[in-house]
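Colleague: Residue numbers (the UniProt record's numbering): 1 to 248.
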């Protein structure tokens, strides 16, 4: 018994080291690598980051004589269009940052500069209870009653999209925006209507881009809707459903 108790145990420890360190070291390495990847992939809320091969399209919705400052805020998004996004462009231009510089990036690319909206991980995005327009309106405290009413109409189109719009304003916006989005051909009747409102300077400018043209026309449509709502109280008959485009 005494021989057993006095037997050396150090060689046994050396030959059979504890297994715990062998597991912990790789786990720590994996954890550090995961944290590094997250720091690269996940952007700062409110701002997008990453890379893209194609240069973004930069433009303004106001006259080009507005001075640019080094600290100028840029609003950036992808080159997809829908009612929520067009309304958000209008909201920014008319109530949040008139004359703002906008940048449009190809869908799926990442954005390094600017305040992003309607892109993954951006602060101003759609969620289960609010559309992009509503998140931005609340963040910048735009409390104009008509702006709020337009947001409610957009909400019905974007958040309750599986239901047919019952709000006359939602239906009006839905029809107008779809005709803007689907006016793909420069020779289409819808494109002719866009040409009607553009000035010669607009058509000759560097911003004469199909997407930018649609956004500019969308701003015009929402301006008209805002004016009509201002003149027509909510309790009166539904909005005039006049077609902003030539009939197809």
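Quick reminder that beta carbons are idealized off the backbone N, C-alpha and C, glycines included.
State the Cα-Cα distance for the pair residue 230 and residue 155, rounded to the nearest angstrom.
Modeller: By 1-based counting over the chain shown, the position of residue 230 is 230. By 1-based counting over the chain shown, the position of residue 155 is 155. Taking the straight line joining both Cα atoms gives about 20 Å.
Colleague: Could you say which of 103, 54 and 166 lies nearest to residue 72 if we only look at CA atoms?
Modeller: Stepping through the chain shown from its first residue, residue 72 is reached at position 72. Answer by Cα proximity: 103.
Colleague: Considering only residues of the same chain and omitting the five flanking positions on each side of residue 44, which have a CB-CB separation below 6 Å?
Modeller: What you label residue 44 is simply residue 44 of the chain shown in a count that begins at 1. With a pLDDT of only 46 at residue 44, under the threshold of 50, the placement of this residue in the model should not be trusted, and no figure is reported.
Colleague: Answer yes or no: do residue 131 and residue 159 have a C-beta to C-beta separation smaller than 9 Å?
Modeller: Here residue 131 refers to the residue found at position 131 when the chain shown is read from its first residue. Here residue 159 refers to the residue found at position 159 when the chain shown is read from its first residue. Cβ distance < 9 Å, so residue 131 and residue 159 count as in contact.
Colleague: For residue 218 and residue 177, which I take to be in contact (beta-carbon distance under 8 Å), what is that distance rounded to the nearest angstrom?
Modeller: In the chain shown, counting from the first residue as 1, residue 218 sits at position 218. In the chain shown, counting from the first residue as 1, residue 177 sits at position 177. Going by Cβ atoms, the distance from residue 218 to residue 177 rounds to 7 Å, so yes, they are a contact pair.
Colleague: According to DSSP, is residue 77 helix, strand or coil?
Modeller: In the chain shown, the residue the question calls residue 77 occupies position 77. Strand at residue 77.
Colleague: What residue from 55, 75, 30 and 95 has the CA that sits closest to residue 222's CA?
Modeller: For the purposes of this step, residue 222 is taken as residue 222 along the chain shown, with counting starting at 1. Ranking 55, 75, 30 and 95 by Cα distance to residue 222 puts 95 first.
Colleague: So, helix, strand or coil for residue 61, using DSSP?
Modeller: Here residue 61 refers to the residue found at position 61 when the chain shown is read from its first residue. Residue 61 falls in the coil class under three-state DSSP.
Colleague: Tell me where the alpha helix (DSSP H) around residue 89 begins and ends.
Modeller: Taking the chain shown and counting its residues from 1, one reaches residue 89 at position 89. 83–91 is the span of the alpha helix (DSSP H), which, as asked, contains residue 89.
Colleague: Taking Cβ positions, are residue 105 and residue 79 nearer each other than 9 Å?
Modeller: The count along the chain shown starts at 1 and reaches residue 105 at position 105. The count along the chain shown starts at 1 and reaches residue 79 at position 79. Result yes, Cβ atoms of residue 105 and residue 79 sit closer than 9 Å.
Colleague: Which residue comes first and which comes last in the beta strand (DSSP E) that contains residue 102?
Modeller: Reading the chain shown from its first residue, position 102 is the one you call residue 102. It spans 101–105 - the beta strand (DSSP E) in which residue 102 sits, taken as one unbroken run.
Colleague: Closer than 7 Å by C-beta to residue 87: which residues in its own chain qualify, once you throw out the five before and the five after it? Chain order, please.
Modeller: Numbered from 1 along the chain shown, position 87 holds the residue referred to as residue 87. If we look at residue 87 and ignore the five residues flanking it on each side, its Cβ neighbours are 133, 150, 154 and 222.
Colleague: Can you tell me whether residue 56 is buried or exposed? The criterion is at least 16 other CB atoms within 10 Å of its CB, across all chains shown.
Modeller: Indexing the chain shown from 1 puts residue 56 at position 56. Flag for residue 56 reads buried.
Colleague: Report the rounded CA-to-CA distance for residue 141 versus residue 124, giving the unit in angstroms.
Modeller: Against the chain shown, residue 141 aligns to sequence position 141. Against the chain shown, residue 124 aligns to sequence position 124. Near 14 Å, if we compare the C-alpha coordinates of residue 124 and residue 141.
Colleague: State the Cα-Cα distance for the pair residue 62 and residue 227, rounded to the nearest angstrom.
Modeller: The residue given as residue 62 occupies position 62 in the chain shown. The residue given as residue 227 occupies position 227 in the chain shown. Near 18 Å, if we compare the C-alpha coordinates of residue 227 and residue 62.
Colleague: Quick check on residue 30: buried or exposed, where buried means 16 or more other Cβ atoms within 10 Å of its Cβ?
Modeller: Along the chain shown, read from residue 1 onward, the residue named residue 30 stands at position 30. Residue 30 is exposed by the Cβ-count criterion.
Colleague: For residue 93, count the other beta carbons within 10 Å of its own beta carbon; 16 or more makes it buried, fewer makes it exposed. Which is it?
Modeller: Start at 1 with the first residue of the chain shown, and residue 93 comes out as number 93. By the neighbour-count rule (16 or more Cβ atoms within 10 Å), residue 93 is buried.
Colleague: Taking 9 Å as the threshold (C-beta atoms), are residue 139 and residue 113 in contact?
Modeller: Taking the first residue of the chain shown as 1, we reach residue 113 at position 113. Taking the first residue of the chain shown as 1, we reach residue 139 at position 139. No. Outside cutoff.
Colleague: Residue 192 to residue 214, Cα distance in whole Å?
Modeller: Residue numbering aside, residue 192 sits at position 192 when the chain shown is read from its first letter. Residue numbering aside, residue 214 sits at position 214 when the chain shown is read from its first letter. Confidence at residue 192 is low in this model, with a pLDDT of 46, below 50, so the placement of that residue should be treated as unreliable; the coordinate-derived value is given next. Distance between the alpha carbons of residue 192 and residue 214 is about 12 Å.
Colleague: Is the separation between the beta-carbon of residue 137 and that of residue 148 shorter than 9 Å?
Modeller: Position 137 of the chain shown, counting from 1, holds the residue named residue 137. Position 148 of the chain shown, counting from 1, holds the residue named residue 148. Closer than 9 Å, so yes.
Colleague: Among 169, 157, 166 and 60, which residue has its Cα nearest to the Cα of residue 83?
Modeller: To locate residue 83, count along the chain shown from 1; it is residue 83. For residue 83, the nearest C-alpha among the options comes from 157.
Colleague: Who are residue 124's beta bridge partners in DSSP?
Modeller: Sequence index remark: in the chain shown, residue 124 carries index 124 (1-based). Answer is 117, bridged to residue 124.
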